[in-house]
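Terminal number for the sequence shown in our numbering: 530, no gaps in between. Backbone N, C-alpha and C define an ideal beta-carbon position, used for all residues, glycine too. Below is one structure; the comments refer to it alone.
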Amino acid sequence: MQEKESYVLAPCCRSSGDLQMYRQMVEIGDRIKGLKLDRPDRWKERISEEVQKLLSLKEQLGNAKPQKFQLKTPKGTRDYNPRQMAIREGVFKTIINCFKRHGAETIDTPVFELKETLTGKYGEDAKLIYDLADQGGEILSLRYDLTVPFARYLAMNKISTIKRYHIAKVYRRDNPAMTRGRYREFYQCDFDIAGQYDLMIPDAECVKIVAEILSELNVGDFIIKLNNRLLLDGMFAVCGVPEDKFRTICSAVDKLDKTFWEDVRSEMVDEKGLAPEVADRIGEYVRLNGQLELVEQLMQDEQMMKNKMARQGLEEMKLLLTYCQLFGVLNKVSFDLSLARGLDYYTGVIYEAILTSTTEKAQTDGADKNESVGVGSVAGGGRYDGLVGMFDPKGKKVPCVGVSIGIERLFSIMEAKAEAAEGKVRTTETQVYVASGQKNMLEERMKLCNLLWEGGIKTELSYKKNPKLLNQFQYAEEHGIPFLAIIGEQELKDGVVKVRNTSTREEETFPREKLLDEIRTRVSSS
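Below, the structure is given as structure tokens:
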């Protein structure tokens with residue numbers, strides 16, 4: 005690949021227009037250096053002409069008004085203030101604790117991948133991938149999700165069994181909807197089980213994990229929709245969809261959670277060339293939802309049971325729903341034939357968690373405070389048994405199933421709930437604030453602070469030499485710091501420290517050598 009010409013922006017250049025004029029000046033200077041005239045008497049005249057051009061450009065450059073710079077975050081991104089980050093970290097903690105409770109270990113992968121790693125894995129969503137400019141011979145793209153990099157990781161390291169979680173940012177060139185938690189840069193929280201195991205056992209655990217997380221976060225009522233790609237493909241075949249249109253029709257069905265059946269039918273017929281009667285037969289199926297009774301109903305459908313894929317899909321769904329009942333989450337799931345999940349790499353069970361009731365109000369950057377939080381899907385995933393084999397030189401398959409938690413959408417709800425409650429959100433974890441009401445106590449405050457730090461106590465002190473005691477009390481109250489350790493000349497003389505409870509304002513005095521134990525006892529019980 006031919007190297008692109010590079011330019012260094014001169015200090016006087018404030019915009020691309022300035023840069024263009026600067027380049028013209030350089031070109032004129034080069035022409036002056038390279039003048040070769042047959043008549044020496046013309047040199048002075050030509051040089052004068054070129055110099056005048058230079059002076060003119062210099063004047064334009066000097067008189068150019070600097071363009072106004074709009075200070076903002078890029079479209080589809082946002083900043084998070086300390087209060088928002090405290091809420092966010094609380095959500096992360098709940099999710100990570102759940103992942104660890106189920107025995108997962110964690111990994112990390114690069115934020116960008118070779119473009120060919122991501123190509124051909126996302127179907128129609130591939131247009132949302134951010135491609136990067138050539139940076140020295142490798143064509144790269146920002147990762148679209150964490151699943152494809154995980155599959156690449158397994159194939160590259162020849163791993164056939166792992167239960168892992170991964171929390172990291174991904175990037176999609178989507179049309180952002182900030183109040184609904186849809187961004188171009190956002191976190192995904194993935195849990196995946198890779199390995200050859202008995203049918204539907206790992207799949208049921210993934211459903212259980214989603215139910216646990218959403219219940220613990222208390223984000224409102226939710227339902228986890230379940231379906232199976234084998235059943236979908238069998239249904240398409242029974243309805244008369246040509247095999248080469250399975251994926252594109254699946255992508256259309258996937259839009260049913262966002263639009264009406266009439267719109268999806270129109271896309272199938274008008275845009276994707278499906279026969280109207282075939283689309284109508286699909287419509288009869290995708291309106292169905294239920295639980296084990298729906299499985300039994302479909303097992304009575306002769307056409308479905310004649311199709312091998314549909315039959316296998318129904319058997320898997322029956323087993324999955326049975327395991328969900330054993331895990332105590334059957335009341336949280338719905339077997340829904342309209343669920344399709346548009347990504348190409350799914351091969352079996354698919355699921356998606358939908359919030360069915362949220363009454364909170366949003367207050368995100370640039371959003372109307374009275375705009376409803378309508379987040380919709382907050383988790384999704386499924387089985388992808390063939391993805392790892394796409395990266396393995398010998399095509400060795402590693403069965404995988406996983407779920408991705410939509411952290412940004414959950415955060416939108418949690419932030420709205422905190423806003424509605426109008427309560428204080430602690431942005432630090434400080435346990436003790438070292439204070440003094442007398443002058444020249446900085447060194448003693450620093451010594452006491454160091455004692456507490458080395459004892460593992462989260463501690464702060466004022467950065468002023470002689471702070472007022474009232475200001476120190478107010479700081480502790482405003483930041484929710486539960487205790488103050490107060491020292492003065494008398495305390496130093498007696499070898500004691502006064503401990504003040506910020507909320508009750510009660511004070512107790514303890515010997516300095518017992519301070520750490522007393523603080524630990526009070527912190528653990530507060």
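(message) Rounded to whole angstroms, what is the Cα-Cα separation between Gln367 and Glu63?
(response) Residue placement at Gln367 is flagged as unreliable, the pLDDT there being 38, under the threshold of 50; the coordinate-derived value follows with that caveat. Going from the Cα of Gln367 to the Cα of Glu63 covers about 49 Å.
(request) Whole angstroms is fine: what's the gap from Leu13's alpha carbon to Gly140's? (result) Caution applies to Leu13, whose pLDDT of 41 falls short of 50 and renders its modelled position unreliable; the value that the coordinates give is listed next. When rounded, the separation of the alpha-carbon atoms in Leu13 and Gly140 is 21 Å.
(request) Please name the residue, chosen from Pro246, Gly332, Glu209, Gly352, that lies closest to Glu319 on a Cα-to-Cα basis. (result) Gly352
(message) Can you tell me which residues form a DSSP beta bridge with Ala439?
(response) Answer by DSSP bridge pairing, in chain order: Ile490.
(request) Would you decide whether Tyr84 is buried or exposed? Buried here means 16 or more other CB atoms lie within 10 Å of its CB. (result) exposed
(message) Could you tell me the alpha carbon to alpha carbon distance between Asp237 and Thr113, rounded to whole angstroms?
(response) 33 Å
(request) Look at the alpha carbon of Phe195 and the alpha carbon of Thr123, and state the distance between them as a whole number of angstroms. (result) 23 Å
(request) Check whether the segment 316 to 333 touches the segment 248 to 260, taking contact to mean three or more Cβ pairs, one atom from each stretch, closer than 8 Å. (result) Short answer: they don't touch.
(message) Is any non-hydrogen atom of the ligand SAM found closer than 8 Å to the C-beta of Asp498, if you look at the structure I gave you?
(response) Judged by which ligands are present, the structure shown has none, so any question about the ligand SAM falls away.
(message) Going by DSSP in three states, Gly499 sits in which element: helix, strand or coil?
(response) Coil, per DSSP.
(message) Using CA atoms only, rank isn't needed, just tell me which of Arg92, Asn232, Gly410, Ile358 is closest to Met204.
(response) Asn232
(request) May I ask you to list the residues that DSSP assigns as paired with Lys229? (result) Ser338, Glu356
(message) Per the DSSP calculation, Gly386 is bridged to which residue(s)?
(response) Partner(s): Ile354, Gly406.
(request) Take Gly499 and list the residues in its own chain whose beta-carbon comes closer than 7 Å to its own, dropping the five residues that flank it on each side. (result) If we look at Gly499 and ignore the five residues flanking it on each side, its Cβ neighbours are Pro515, Arg516.
(request) Keeping to the same chain, check which residues put their C-beta closer than 6 Å to that of Gly244; ignore five residues upstream and five downstream. (result) Correct list, in chain order: Val282.
(request) Kindly list the residues whose CB is nearer than 6 Å to the CB of Tyr4, restricted to its own chain and excluding five residues on each side of it in sequence; keep chain order. (result) With the chain running from 5 to 530 in the structure shown, residue 4 is simply not present.
(request) Closer than 8 Å by C-beta to Glu209: which residues in its own chain qualify, once you throw out the five before and the five after it? Chain order, please. (result) His106, Ile197, Phe331
(request) Determine the contact status of Arg147 and Val115, defining contact as a CB-CB distance below 9 Å. (result) Cβ distance < 9 Å, so Arg147 and Val115 count as in contact.
(request) Out of Glu275, Ile253, Gly386, Leu234, point me to the one whose CA is closest to Asn311's CA. (result) Leu234
(message) Tell me the residue span of the alpha helix (DSSP H) that contains Leu298.
(response) Leu298: member of the alpha helix (DSSP H) spanning 296 to 303, first to last residue.
(message) Given this structure, state the Cα-to-Cα distance separating Cys328 from Gly294, to the nearest angstrom.
(response) 14 Å
(request) Counting only the same chain and skipping the five closest in sequence on each side, list residues whose C-beta sits under 6 Å from that of Ala439. (result) Gln476, Leu488, Ile490
(request) Rounded to whole angstroms, what's the CA-CA distance from Gln316 to Met309? Just pull it up for me. (result) 9 Å
(request) Drop a sphere of 10 angstroms on the beta-carbon of Gly427, count the other beta-carbons inside from all chains shown, and report buried for 16 or more, exposed for fewer. (result) exposed
(message) On the DSSP bridge list, what partners appear for Arg168?
(response) Glu109, Asp196
(request) Use the C-beta contact count for Pro531: other C-beta atoms within 10 angstroms, 16 or more gives buried, fewer gives exposed. (result) Any question about residue 531 goes unanswered here, given that the chain covers just 5 to 530.
(message) So the candidates are Gly80, Leu230, Asp248, Val211; which of them puts its Cα closest to the Cα of Val174?
(response) Gly80
(request) Please state if the CB of Arg524 and the CB of Gly459 are separated by a distance shorter than 9 Å. (result) yes
(request) For Met418, count neighbouring Cβ atoms within 10 angstroms of its own Cβ and tell me buried if that reaches 16, exposed if not. (result) buried
(message) Quick check on this structure: which residue in Asp129, Ala181, Gly380, Leu519 has the alpha carbon closest to the alpha carbon of Thr252?
(response) Asp129
(request) Using the Cα positions of Ile143 and Leu456, report the straight-line distance between them to the nearest angstrom. (result) 52 Å
(request) Using 10 angstroms around the beta-carbon of Lys212, count the other beta-carbons present and answer buried if the total reaches 16, otherwise exposed. (result) buried
(request) Measure the beta-carbon distance from Leu359 to Gly393 and round it to whole angstroms, keeping in mind my assumption that it falls under 8 Å. (result) With 8 Å as the limit, Leu359 and Gly393 do not qualify as a contact, their Cβ atoms being about 35 Å apart.
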